[in-house]
Amino acid sequence: MKVLITEAEIQERVCGLGACLSEKYAGRPLTVLGVLTGSIVLLADLIRATSIPLRVALIEASSYGETRTEPGELTINIGLVPDLKDRDVVILDDIFDTGNTMVGLYDAVQSFEPASVQSAVLLWKTDRTVVDLQPDHFCFQIPDEFVVGYGLDYNDEFRNLPFIGIPNEEEMHEAVKGQGG
Ligand code: IMP
Ligand code: MG
């Protein structure tokens, strides 16, 4: 698989994001809201790169499209979200692509009446973004390529890769075949 971003590059930028959030939210009631499932690897690394008290919470977003590389209709499940009233919330996702997911997440989180809401992502596919919103924090801007690893999947596989890679046709075919999908 072609490596787009190495493990070391990711760790450096994630540590930088942790330091940035620690400074910005010092003395404030921060909840880092990880978006299932893609953010789990980033969430685990990011919270350990922070130096302030914070809470961790989870929200689920999924979009089922015609293909496994294009987003479809967005579904958000707030069933796991704790009370966020008057708290400062950072929504943490793996990637900001078209931006539709983050817009939906903002709407969902606003209903909890938080003190503030910002977004942070590992990757931002700037050429694909169609919404007015932009991520408040991002680690890397990337070109319009389908990527996997460090939480990002294709057909629910490849999340465990420690780097960000661009899978080839054969690897993607195997990921579908391997699950009988
Ligand atoms: P959105 O287009 O910003 O709404 O992103 C929708 C979702 O599509 C993201 O949360 C990811 O789960 C997924 N996604 C977008 N681009 C990629 C990619 O290159 N690889 C894997 N998943 C992606
Ligand atoms: Mg996702």
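Numbering (my numbering), first residue to last: 16 to 196.
Yeah, the Cβ is synthetic: ideal placement off N, Cα and C, and Gly gets one too.
Suppose contacts are defined by Cβ-Cβ distances below 8 Å. Is residue i in contact with residue j by that definition?
{"i": "G193", "j": "L176", "result": "no"}
{"i": "F178", "j": "T21", "result": "yes"}
{"i": "G180", "j": "D109", "result": "no"}
{"i": "G166", "j": "V47", "result": "no"}
{"i": "V132", "j": "Y121", "result": "yes"}
{"i": "G114", "j": "V146", "result": "yes"}
Starting from residue i, follow the beta strand (DSSP E) in both directions and report where the run begins and ends.
{"i": "V105", "result": "D103 to F111"}
{"i": "E75", "result": "R70 to Y79"}
{"i": "V50", "result": "L45 to L51"}
{"i": "K17", "result": "K17 to I20"}
{"i": "G180", "result": "I179 to I181"}
Would you call residue i buried or exposed, if buried means 16 or more other Cβ atoms sit within 10 Å of its Cβ?
{"i": "S134", "result": "buried"}
{"i": "V251", "result": "Because the chain in this structure spans residues 16 to 196, residue 251 falls outside the shown range and cannot be described."}
{"i": "Y79", "result": "exposed"}
{"i": "P68", "result": "exposed"}
{"i": "T116", "result": "buried"}
How is the alpha helix (DSSP H) around residue i delimited, first residue to last?
{"i": "N213", "result": "The requested residue 213 does not occur in the structure, where the chain is confined to residues 16 to 196."}
{"i": "I55", "result": "I55 to R63"}
{"i": "A41", "result": "Unbroken run through A41: none, as it is neither H nor E."}
{"i": "K192", "result": "E184 to K192"}
Of the residues the options, which one's Cα is nearest the Cα of residue i?
{"i": "L58", "options": "G33, R43, V124 and D122", "result": "G33"}
{"i": "G42", "options": "Y169, V145, R28 and R70", "result": "R70"}
{"i": "L51", "options": "K39, L99 and T90", "result": "T90"}
{"i": "E24", "options": "F155, E85 and I93", "result": "F155"}
{"i": "K100", "options": "E128, S78 and V145", "result": "E128"}
{"i": "D98", "options": "L107, S77, L36 and A123", "result": "A123"}
{"i": "I157", "options": "R174, V136, V132 and E172", "result": "V136"}
{"i": "K17", "options": "E189, P182, A190 and M187", "result": "P182"}
{"i": "E160", "options": "K39, R63, E85 and D147", "result": "E85"}
Quick one: is the Cβ of residue i within less than 7 Å of any heavy atom of the ligand COA?
{"i": "G53", "result": "Looking at this structure, you won't find the ligand COA anywhere; what it does contain is the ligand IMP and the ligand MG."}
Runs of beta strand (DSSP E) lying entirely within the region 125-174, each at least 3 residues, in chain order
131-139 and 152-156
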